[in-house]
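Below: the structure, in structure tokens.
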Amino acid sequence: VNPRLGEEGRKVWREKRGLDRPWPVQFADHLVSSVTFQGESYQTKEKLTTIIRKRVGYSLALTVPALVLGWISAMVISCFVAYYRDTWIDRLGVLLSVLGMCVPFLAYMILGQWLVFNIYPPAAWGLRYRGNIYLPIAISVIAGLGASVRFYRTIILDQINQDYVRTARAKGAPLTTILFKHVLRNCMLPILTNLVMAIPFLIMGSLILENFFGIPGLGGLLIDSITRRDVPIITGLTYLTSLIYVISLLTTDLLYGVFDPRIRLN
59 VNPRLGEEGR KVWREKRGLD RPWPVQFADH LVSSVTFQGE SYQTKEKLTT IIRKRVGYSL
119 ALTVPALVLG WISAMVISCF VAYYRDTWID RLGVLLSVLG MCVPFLAYMI LGQWLVFNIY
179 PPAAWGLRYR GNIYLPIAIS VIAGLGASVR FYRTIILDQI NQDYVRTARA KGAPLTTILF
239 KHVLRNCMLP ILTNLVMAIP FLIMGSLILE NFFGIPGLGG LLIDSITRRD VPIITGLTYL
299 TSLIYVISLL TTDLLYGVFD PRIRLN
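Residue numbering for the sequence shown follows the numbering used here, starting at 59 and increasing by one per position.
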């Protein structure tokens with residue numbers, strides 16, 4: 059409340075926002091408005107659904123390409139590194155992945171900004187949206203590549219030494235067929251689990267990237283709402299993030315039966 063308001067002004071302010079009602083009623087209304095995304099911003103007086111509709115496109119333009127490109131890159135690198143185990147390719151891949159894991163996420167952002175600052179300045183986001191989106195996506199992909207390659211390499215190595223792989227090699231099957239048709243299918247369960255577990259970190263990383271580069275997405279909205287203590291927006295976005303995570307877990311459980319017929323439900 060504005061401290062310059064008098065007692066009457068504060069009373070009107072509280073009545074307008076329903077803060078004069080019993081706290082159980084306030085809590086119930088708060089939950090309903092958060093779940094239905096009908097909360098109203100204290101600052102702009104807009105509905106949460108309207109605000110999300112305006113900003114979700116910017117966030118999806120960052121998170122979806124980062125997730126897809128990061129997963130594909132990590133899988134391809136991990137397959138070839140594991141296939142050429144104990145060679146210079148394997149040692150180089152392990153070394154680079156460990157080095158990538160040692161670099162803080164903030165260092166990637168600062169270094170990326172410094173390298174391309176003259177081409178895509180962060181302050182000009184609204185002027186060159188399509189050009190400026192490449193840098194945050196690249197940073198998000200590179201920052202998570204090291205840990206993903208290490209994890210996927212370990213899983214793929216367990217399958218590379220199986221009898222069916224040696225049989226495929228003896229039959230003269232191409233390398234791409236062995237890796238991407240046979241090995242990957244038997245590795246998909248832990249890979250899917252790791253992919254879903256990476257979603258919260260991806261959301262958190264996009265939140266930091268959006269705030270750092272001035273991207274008008276949901277991450278920047280959450281930071282601004284926390285700064286302004288805009289509680290309806292904070293709780294609504296928190297619920298949305300939780301909902302995305304729960305849906306991702308449910309989707310993963312359903313996909314388990316697709317990749318492994320042994321666990322399908324009758």
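Ideal Cβ positions, reconstructed from N, Cα and C, are used throughout, including at glycine.
Just so it is clear, the structure is predicted and the values come from calculations on it, not from any experiment.
Query                                                                                             : Result
Touch test, the region 306-313 against the region 247-260, Cβ-Cβ under 8 Å, three pairs minimum   : yes
Residue environment, T121, which counts as buried when at least 16 other CB atoms sit within 10 Å : buried
CA-to-CA distance, L153 to I218, given in whole angstroms                                         : 21 Å
Helix, strand or coil at E65 according to DSSP, with G and I counted as helix                     : helix
Proximity to T296 [Cα-Cα], best of R72, S92, W71 and E66                                          : S92
Selected residue, minimal CA-CA separation from I135, among C160, S206, D216 and I284             : S206
9 Å Cβ cutoff met for T261 and L106                                                               : With the sequence shown as reference, residue 261 is identified as Ile, and Thr is not the correct amino acid for it. Going by C-beta atoms, I261 is not nearer than 9 Å to L106.
Nearest to A119 (by Cα), restricted to the options L247, P194, R208 and I266                      : P194
Collapsed DSSP secondary structure at E73 in the structure displayed                              : helix
7 Å Cβ shell around Y116 - same chain, five flanking residues per side excluded                   : I273, P274 and G275
Alpha helix (DSSP H) runs wholly inside the region 227-304, at least 4 long, in chain order       : 242-271 and 276-286
Candidates W71, T212, H240 and G97: closest to D148 by CA position                                : T212
Selected residue, minimal CA-CA separation from F317, among R243, Y100 and A124                   : R243
Boundaries of the alpha helix (DSSP H) in which P123 is found, first to last residue              : L106 to Y141
Rounded C-alpha distance that separates L250 from W129                                            : 10 Å
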